[in-house]
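Colleague: So that we are looking at the same thing, I have put the structure below in structure tokens.
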């Protein structure tokens, strides 16, 4: 029997959460049991810190989180950022310049203050990220790009995200990382080398855990670096084809507690 993992890492949306963004009691209970027995569990997400409370309120206890696609490592027990790797203002300015030259009508937003706040251009279309006090429109490009940002967000109307991300990645090659985690045409941009894999590798090293002893779960292209890095890469059945292609195993869909079912088997939970 193969030894159980020494670290459990999971994406949140489309992986742990059901489609209505709720966490099933079964999944919450499995995560709590594993953590209580001494195996660390960490959430690895594109979400900003300010979107974690709606997940934490469904867990037995808040779990550490690697946010903004690896740019922020967050300890909820102390409300502290353990590590942040933002895009500096001068880099943001060059990224924005290239995007505006390559993508007609692009609209930009930035996650700042370690993703506790967001600033966006007036014409940037807010979706479910309209959470009041933390979000504000800016009047000028200079103000948008004035502070270090753990993530830059780009939209340009309705786009095929797989095509759009290739356009953006080509424009930013060697300068920044571009990925996506939704089907709405939103592209997420981080500093060069900043991915879920990089954030998780830093966290695992801090715990003294080798990548061979990590099991990681995901569903979208922003999860691919993490899954390629982890010793056990598990896709949920509803995952994007790029994720299913590189995963070692496929578990049930997010709507049927796929992560919980896999962990129950691996950790031999009754």
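Residue numbers (UniProt numbering): 1 to 270. Virtual Cβ for every residue (Gly too), placed ideally from N, Cα, C. All figures in this text were calculated on a predicted structure; none of them were measured in a lab.
1. Please return the same chain residues whose Cβ sits closer than 7 Å to the Cβ of residue 94, not counting the five positions on each side in sequence.
2. So the candidates are 55, 53, 149, 46; which of them puts its Cα closest to the Cα of residue 70?
3. Suppose contacts are defined by Cβ-Cβ distances below 9 Å. Is residue 85 in contact with residue 218 by that definition?
4. Tell me whether residue 2 is buried or exposed, calling it buried when 16 or more other Cβ atoms sit within 10 Å of its Cβ.
5. Are the beta-carbon atoms belonging to residue 214 and residue 9 less than 9 Å from one another?
6. Mind checking residue 122: buried by the 16 CB within 10 Å criterion, or exposed?
7. Excluding five sequence neighbours on each side, which residues of the same chain lie with their C-beta closer than 6 Å to the C-beta of residue 209?
8. Considering only their Cβ atoms, is the gap separating residue 216 from residue 206 smaller than 9 Å?
9. Going by Cα to Cα distance, which pick from 166, 34, 196, 179 is closest to residue 188?
10. Cβ of residue 200 within 9 Å of Cβ of residue 237?
11. Go ahead and label residue 248 buried or exposed: buried means 16 or more other beta carbons lie within 10 angstroms of its beta carbon, across all protein chains shown.
12. Could you check how far apart the C-beta atoms of residue 43 and residue 65 are, in whole angstroms? I think they sit under 8 Å.
13. Determine the burial state of residue 190: buried for a count of at least 16 other Cβ atoms within 10 Å of its Cβ, exposed for fewer.
14. Skipping 5 residues on each side, what residues in its chain have a beta carbon closer than 6 Å to that of residue 263?
15. Can you tell me which of 133, 23, 148, 256 puts its alpha carbon nearest to the alpha carbon of residue 114?
16. Going straight from the alpha carbon of residue 23 to that of residue 108, what length do you get?
17. Go ahead and pull the three-state DSSP assignment for residue 217.
18. Anyone know if the C-beta pair for residue 144 and residue 96 falls short of 9 Å?
19. For the alpha helix (DSSP H) holding residue 92, just list the boundary residues, first then last.
20. Can you tell me whether residue 159 is buried or exposed? The criterion is at least 16 other CB atoms within 10 Å of its CB, across all chains shown.
21. Buried or exposed: where does residue 132 fall if 16 or more other Cβ atoms within 10 Å of its Cβ makes it buried?
Modeller: So, to answer that:
1. For residue 94, same chain residues with a beta-carbon under 7 Å away, outside a window of 5 residues either side, are 175 in chain order.
2. Taking residue 70 as reference, the option from 55, 53, 149, 46 with the minimal CA-CA separation is 46.
3. Pairing residue 85 with residue 218 gives a Cβ-Cβ distance that is not under 9 Å.
4. Exposed, since its Cβ has fewer than 16 Cβ neighbours within 10 Å.
5. The answer is yes: Cβ separation under 9 Å.
6. Residue 122 should be labelled exposed.
7. Once the five neighbours on either side are set aside, the close Cβ partners of residue 209 are 6, 7.
8. Contact flag unset, no.
9. For residue 188, the nearest C-alpha among the options comes from 179.
10. No.
11. Exposed.
12. Right, the Cβ-Cβ distance comes to about 4 Å (below 8 Å), so this counts as a contact.
13. Flag for residue 190 reads buried.
14. Listed in chain order, the non-local C-beta contacts of residue 263 below 6 Å within the same chain comprise 30, local neighbours out to five positions each way being set aside.
15. Per the Cα distances, 148.
16. Answer to the nearest angstrom: the Cα atoms are 31 Å apart.
17. It is a strand residue.
18. A contact, by the Cβ cut-off of 9 Å.
19. Bounds of the alpha helix (DSSP H) holding residue 92 are 89–102.
20. Note on residue 159: 16 or more other CB atoms within 10 angstroms of its CB, so buried under the neighbour-count rule.
21. Residue environment for residue 132: exposed (fewer than 16 other C-beta atoms within 10 angstroms of its C-beta).
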